[in-house]
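Counting from 1, one number per residue, gives the positions in the sequence shown under full-length UniProt numbering. Beneath this line is the structure, given in structure tokens, with notes to follow.
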Amino acid sequence: MAQRTHLGDADCAIAQALDVVGDWWTLLIVRDAARGLHRFDELQRELGVSRKVLAERLKLLVEAGVLSREPYQERPVRHEYRLTPRGRGLLPVLVALQDWGDTWVLGEGEMTATTDEASREAERVHALQGTRVPPLLLPDRFGELSDPVADTPFTVLYFFPGAYARAESYPPGWAGIPGAKGCTFESCTYRDQLAEFTAAGATVHGVSTQRPDEQREFAEQERLRFPLLSDADLALTAALRLPTFRAAGVSRIKRLTLVVDRDRTVREVIYPIRDIEASVQTALSTVRTAP
1 MAQRTHLGDA DCAIAQALDV VGDWWTLLIV RDAARGLHRF DELQRELGVS
51 RKVLAERLKL LVEAGVLSRE PYQERPVRHE YRLTPRGRGL LPVLVALQDW
101 GDTWVLGEGE MTATTDEASR EAERVHALQG TRVPPLLLPD RFGELSDPVA
151 DTPFTVLYFF PGAYARAESY PPGWAGIPGA KGCTFESCTY RDQLAEFTAA
201 GATVHGVSTQ RPDEQREFAE QERLRFPLLS DADLALTAAL RLPTFRAAGV
251 SRIKRLTLVV DRDRTVREVI YPIRDIEASV QTALSTVRTA P
């Protein structure tokens with residue numbers, strides 16, 4: 001392994017963190033592990049890195065407690081690399097880096113909860129079509145862990161920035177953020193058409209980065225009859241590389257909708273969403289007509 005230069009500032013948490021993950025490949029390995037890639041060959045194929053470099057970085061991340069090395073085959077012995085709790089603690093870092101890149105490298109530096117249809121961000125999100133949602137669990141509004149993909153022919157996952165039971169709970173300037181308004185209207189539109197989705201074999205799940213107690217208060221006020229799931233830890237956001245923005249110190253998912261089949265494959269991506277009613281109708285049409 002190449003000689004590593006250790007940063008000598010023992011009192012600076014940033015310097016100490018960079019001593020572990022301050023390398024191009026290490027954060028990309030964490031990114032792909034969050035996406036559900038756990039085996040050496042999968043990671044090498046996705047990253048295009050040499051076997052030597054990948055082996056070195058995986059060894060470093062295991063020694064640092066970011067990844068665990070777990071056997072999945074005996075003859076010959078082969079291992080998977082999975083995020084530990086320490087590794088999952090890096091997910092907000094990845095999301096913040098992506099948000100910064102979307103805003104300042106790919107975008108114009110403005111806070112927004114949406115994007116242009118021709119943007120590279122929209123292209124990245126639409127590339128989810130045909131990929132699989134990795135298995136993970138999110139807390140519902142009662143704190144019970146639930147799979148975001150239901151055991152029905154289809155699941156409609158609509159992601160929204162945030163919806164609150166009380167107007168004063170919204171972050172300052174919320175109405176002025178492009179794409180942020182309309183979360184209550186979107187949830188109520190799905191509520192009012194829930195029977196049609198059910199008849200078409202689809203389960204509806206709403207997902208935001210709000211706390212479960214915030215979601216519960218909102219759901220009870222609006223009499224929602226489908227689950228709201230909390231991705232406050234950004235596990236699903238990081239796994240799918242969903243676009244985010246920050247408001248009131250919280251990473252929030254931009255408004256988008258995925259239609260996922262029982263095999264966890266994304267069949268339809270709706271992003272950006274400019275017309276909420278039209279997006280709900282598009283989701284309903286997808287589950288009605290998909291084979």
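Backbone N, C-alpha and C fix where the C-beta goes; we use that ideal spot for every residue, glycine too.
Just so you know, the alpha carbons of M111 and P71 end up roughly 44 Å apart. Sixteen is the threshold: when 16 or more other Cβ atoms of the shown chains lie within 10 Å of the Cβ of Q210, as they do, the residue is buried. The beta-bridge partner set that DSSP reports for V77 is empty. DSSP links F159 through a beta bridge to V207, L256.
Boundaries for E277: no beta strand (DSSP E) harbours it, while the alpha helix (DSSP H) harbouring it runs 276-289, taken from the DSSP string. Between T152 and G206, the C-beta spacing is not below 8 Å. Under the DSSP assignment, R86 falls outside any beta strand (DSSP E), being part of the alpha helix (DSSP H) whose first and last residues are 85-88.
Within the region 212-275, the complete alpha helix (DSSP H) segments of 4 residues or longer fall at 212-222, 235-240, listed in chain order. Judged by their CB atoms, F226 and L194 are nearer to each other than the 8 Å cut-off. In this structure, the alpha-carbon of Q129 lies about 19 Å from that of T203.
Assignment of beta-bridge partners to P139 by DSSP yields L145. A residue is called buried when at least 16 other Cβ atoms come within 10 angstroms of its Cβ; Q215 meets this threshold and is buried.
In the three-state reduction of the DSSP assignment, S119 falls in the coil class, being assigned neither a helical nor a strand state. Per DSSP, the beta-bridge partners of S68 are R82.
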